[in-house]
Every structure is written in C-alpha cells, then in structure tokens.
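Numbering (our numbering), first residue to last: 593 to 1009. Glycine included, each C-beta is placed from N, C-alpha and C at the ideal position. As the structure is a computational prediction, the values presented were derived from the model and not from experiment. For reference, the structure discussed in these notes is given below.
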RNA sequence: GUGGACGUAGCUCAACCGGUUAGAGCACUGGACUGUGACUCCAGUGGCUGGGGGUUCGAGUCCCCUCGUCCACCCCA
C-alpha cells in the first residue's frame, strides 16, 4: 500500500456518490419549494469568524478546528460548520437589505475529532438559513420542511426534539439559578461539568455521565425561567408544529454546542447510527448577525449530515442496472465505423462506453456484465456489411439486429434507460 | 485527548499449545462452449501475514514500539 487518504478523510466512490447526489437533489427540490436559494461560501475563513460566532469556550473552537497560518501570517481556519460563513457573506454583501433571505448551502466541513461511525474529519452538510424572520412560524415551517425532506427521501424513524434556550434577556438569570443549583451538588458532578460550571453551566444538563444525570434530575427547567417573549415564542412554535401535523417532543435537557443559539433549538435523531444519532440539528440565532457587525437580524437555521443520512438510506439500497450501453466491435474496420456511430448515438443522449479490449467475445460480454450495463451493442463483420448491429438486452438476454439509424430511438425508449 | 477490539491474497475470513512449502470462498484470467454475460464444472494467476525491533533452534502466532481501521467516551451533523 503506497499513499492512502488521511485519517478521517474519505473517498466517496461512485456507487455511494450516486446516493449522495440523490440526497442533494431531493434536498434542493424541497428547499426550493420553500423559497430557498443557494449560496456558495468559501471553505476557508479567518479564524476570528469562528471564535466570535461559535464561541471561544466551545469544544469546536477549543480543540477541533483545523487552523493554520497562511503565508501572510493570517490565521485561517477550515470551516467547522456552515452558518458562520453564510452569515459573514450575508453581512458583507448587504443581503439584509432584502426583508427576508432564505439560503441553503451544501459542502464539506472540517473538525479534528477521532473518527467513528457517522463521524469524520471531513464531513458534508446541507444546511439552510432563514435570515430576517423573527416569527415562530419560521421555526415551525422550517422544521416541517426538514421532516418532509426526510419523508421524501425515504428516511424512516426520524424523531424531532425541541427546546428553548431563552435569550440574552432571560438566560443570564437562569444561568445564575442553575449555577446555584449545581453548586449544591458539586461533589456528584463529573470533572468536566465542574470545569464548565462558570463558563457554561447549561452543559451539565446535557452530560451523559450517570452521576451528572442523577444530580441534575431535579434541576430547574429552562422553560420556567423564560421571559414572556421567549415563552410565547416557544408556545407558538409548538402550536404551529401541531397545526402542521409535526410531532415534536420537548427535551428540556437539550443544549447545543454552539454559543450563538437563542430561543428554539432542535435535534432530529434516528436509530441505526450508533452513538452519533443526530441527522440534523439547529435552531434560532437572533444575536449572531448583529454580533458579527450586521444589523439586528433574527434568524433560524439548521444543518443536516449527509454521511449520516446516507448511512440510514443505505439499509434499503440495492444495485440497479445502469442506463448504460457497451459497444463491442469485432475487428479494426468495425472499430473505425464504431467511433462514427457512437458519436451520433451519444449526440442523441445514449450513454455508451466502448470496450477496446482484445479478448474473446465471451470475455468482453463478461466485462459488459461486470460494469452492469443494460445493453451490449455488438458490431461484427456481418453486421457491418448490412449496416446493422446486434443489440442485446442484458437484463432479459433477448437480442435483435437493428439498422444503425433506429438504434438510438430503440434504446432510449426502453424502460429504465 | 481517553478506553477497548482488530490489522493474514483485490474482498470476506481460516491456520491447534510457537513447528515443514500460510489455506478456503468470492473476485480475476483461461478452458469446457470457433460470435454471446449471469448458472455449472475444470485449471491458473495472486501474499515482505500493516511497518520496525525483541525473545526463540524456529514467530502469522509471544513481548515492546509504531502506523492504520473500527467501536465507544468526549463532543457533534
């Protein structure tokens, strides 16, 4: 084995890439029907963008970023998530001059983590952001869109959990309350939670350590500390979801790993992914745009992990014969005529490859089968003389000799081609 | 960053307590079948046992180091 891909960075081979393309196509279709347009932001940004958006004390920033100095000495970072770059572009190009902007993006993200099932160092997300809409209906409608997407691509068993994290108006008071509560039970908390008590006590609610779960069982719920605005917003999200027929359970322990979230947060999980069971997650981030120097702009967004969706979809995947023909010429003259014919047939949209191998017809037929082609087109000396070609359907084993002129029509009208 | 499992042919795996020339299935190539794939039968190609060091008369097997994969923790999509 000579040079291999680096750890956590994977090749997506054609069979899987096709599945990915289906996921992306369906996503784009659904997003478009809700009025989203695509934005393509760079993969590398100034490190500062992520420090200021994600938060300096988050795990992502503290230990997971691919950060390096470029030749000028600027600190740059491979994007660990998609929202911050989108918001940066939104501000930079003054897209806020439009009252509501709905954007989606797709592409690779990078986090330096130990790879495991459903988690890689380069991973792909499709995400969408609604910028400039404060209404709880925007939250609910976007969630409905996501659930619809999962339904259309055939992903089964997606479960939606929601929570509200409050806003800068009410969260500080809650943090105090929770801090006091945790302080009383400090002995039973894990070291991690004790360390984070001062900076981000909410993380203790999310901790999976049995001691912490037990200790925080009766912690004061955020819901009771929300200000009138946040509480009303949360109720409205729930009732709108109800009217849209979307089931959502409230998970009052759910805390996101990024600092910019406010009010609604959510996570969609599915079984079959191992420990990494979230397929999509996101929430509202009303303070991010202004925090990065733009105008006050309430926003809601999410990101979906393509690897994880693909992992779940692969369970009911099967190999199909591809809409592809293989051209097999017997002899030099037939080969010469072949390139001419292929040129015409391809012009008519027939997907076709030529088998240039020297082997017997038998071995060449075998190759055609191996690449799972639908048709084998055999041009021998007799066919050549008559202006015909033998067309064999590899799925039915039936074959017929056709005049060159009608081959393209015959093939393209076949079902599944 | 931490813990556990595992690295043997292209793939999936076998090889007893350390013992002769490391095997099988699948795949690949050819033949049975002169121009017809899949099913069947026969034959053949294919290995620095991840890499390095050590113990031993002898290492795929035991010990150490290293690299890698997987799973879990942490965290997250």
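What's the C-alpha gap between residue i and residue j?
i            : j            : result
residue 670  : residue 928  : 50 Å
residue 937  : residue 930  : 10 Å
residue 861  : residue 961  : 40 Å
residue 702  : residue 836  : 35 Å
residue 869  : residue 845  : 16 Å
residue 644  : residue 883  : 8 Å
residue 640  : residue 851  : 15 Å
residue 651  : residue 657  : 9 Å
residue 785  : residue 814  : 18 Å
residue 662  : residue 668  : 7 Å
residue 970  : residue 905  : 37 Å
residue 1001 : residue 981  : 14 Å
residue 855  : residue 893  : 12 Å
residue 864  : residue 708  : 14 Å
residue 680  : residue 627  : 21 Å
residue 945  : residue 1004 : 15 Å
residue 727  : residue 986  : 56 Å
residue 843  : residue 965  : 50 Å
residue 925  : residue 625  : 53 Å
residue 903  : residue 700  : 17 Å
residue 787  : residue 778  : 11 Å
residue 690  : residue 629  : 13 Å
residue 952  : residue 918  : 15 Å
residue 955  : residue 612  : 33 Å
residue 588  : residue 610  : What is shown of the chain runs 593 to 1009, which leaves residue 588 out entirely.
Report the CB separation of residue i from residue j in whole angstroms; it is logged as a contact under 8 Å.
i           : j            : result
residue 933 : residue 996  : 6 Å
residue 839 : residue 753  : Between residue 753 and residue 839 the Cβ distance is about 10 Å, and since that is not below 8 Å, they are no contact.
residue 600 : residue 712  : 5 Å
residue 738 : residue 872  : 6 Å
residue 993 : residue 1007 : 21 Å between Cβ atoms; not a contact.
residue 720 : residue 696  : 4 Å
residue 876 : residue 710  : With a Cβ gap of about 25 Å, residue 876 and residue 710 do not count as contacting.
residue 973 : residue 922  : 7 Å
residue 822 : residue 758  : 5 Å
residue 947 : residue 935  : Not really, about 17 Å apart at Cβ, beyond 8 Å.
Cutting at 6 Å between CB atoms, please list the residues of its own chain near residue i, excluding the five before and the five after it.
i            : result
residue 911  : At residue 911 the pLDDT is 47, less than 50, meaning the model places this residue with poor confidence; the figure from the coordinates comes in the next sentence. Closer than 6 Å at the Cβ level, and outside the excluded window around residue 911, lies no residue.
residue 750  : 742, 860, 862
residue 833  : 732, 840
residue 649  : 791
residue 940  : 1000
residue 725  : 692
residue 618  : 744, 745
residue 1010 : Any property of residue 1010 remains undetermined from this structure, which presents the chain solely from 593 to 1009.
residue 606  : none
residue 694  : 627, 628, 722
For residue i, which residues from the same chain have a beta carbon less than 8 Å from its beta carbon, with the 5 sequence-adjacent residues on both sides left out?
i           : result
residue 616 : 698, 718, 898
residue 685 : none
residue 780 : 803, 804, 806, 807
residue 567 : With the chain represented from 593 up to 1009, any question about residue 567 goes unanswered, as that position is not in the structure.
residue 891 : 679, 721, 722, 723, 724, 725, 876, 877, 878, 880, 881
residue 636 : 668, 669, 670, 671
Apply the 10 Å Cβ neighbour rule to residue i and answer buried if 16 or more other Cβ atoms are within range, or exposed otherwise.
i           : result
residue 783 : exposed
residue 795 : buried
residue 673 : buried
residue 978 : exposed
residue 848 : buried
residue 598 : exposed
residue 666 : exposed
residue 984 : buried
residue 638 : exposed
residue 756 : buried
residue 632 : exposed
residue 775 : exposed
residue 920 : buried
residue 950 : exposed
residue 826 : buried
residue 677 : buried
Less than 7 Å between C-beta atoms, sequence neighbours within five positions excluded: which residues of the same chain meet that for residue i?
i           : result
residue 957 : 968
residue 729 : 832
residue 705 : 656, 711, 713
residue 762 : 817, 818, 819, 822
task = Tell me the start and end of each unbroken alpha helix (DSSP H) in the region 734 to 798 that is at least 4 residues and wholly inside, in chain order.
result = Qualifying alpha helix (DSSP H) stretches, in chain order: 763 to 776, 783 to 788, 795 to 798.
Ordered list of alpha helix (DSSP H) runs contained in the region 799 to 847, each at least 4 residues = Counting only runs of 4 or more residues that sit fully inside the region 799 to 847, the alpha helix (DSSP H) segments are 802 to 807, 820 to 835, in chain order.
inquiry  = Could you tell me which whole beta strand (DSSP E) segments of length 3 or greater appear in the region 925 to 962?
reply    = List check, beta strand (DSSP E) in window: 944 to 947.
message = In chain order, what are the residue ranges of uninterrupted alpha helix (DSSP H) at least 4 long that sit wholly in the region 852 to 886?
response = Counting only runs of 4 or more, we get 880 to 883.
ask   = What are the complete beta strand (DSSP E) segments, minimum 3 residues, inside the region 613 to 638?
value = The qualifying runs are 636 to 638.
query = Which ranges would you report for the alpha helix (DSSP H) in the region 976 to 1005 if only whole runs of at least 4 residues count?
reply = Complete alpha helix (DSSP H) runs here, min 4: 996 to 1004.
task = For the region 653 to 702, list the beta strand (DSSP E) runs that are entirely contained and at least 3 residues long, ordered along the chain.
result = Annotation note: the region 653 to 702 contains the following uninterrupted beta strand (DSSP E) runs of length 3 or greater, listed N- to C-terminal: 658 to 661, 667 to 670, 693 to 702.
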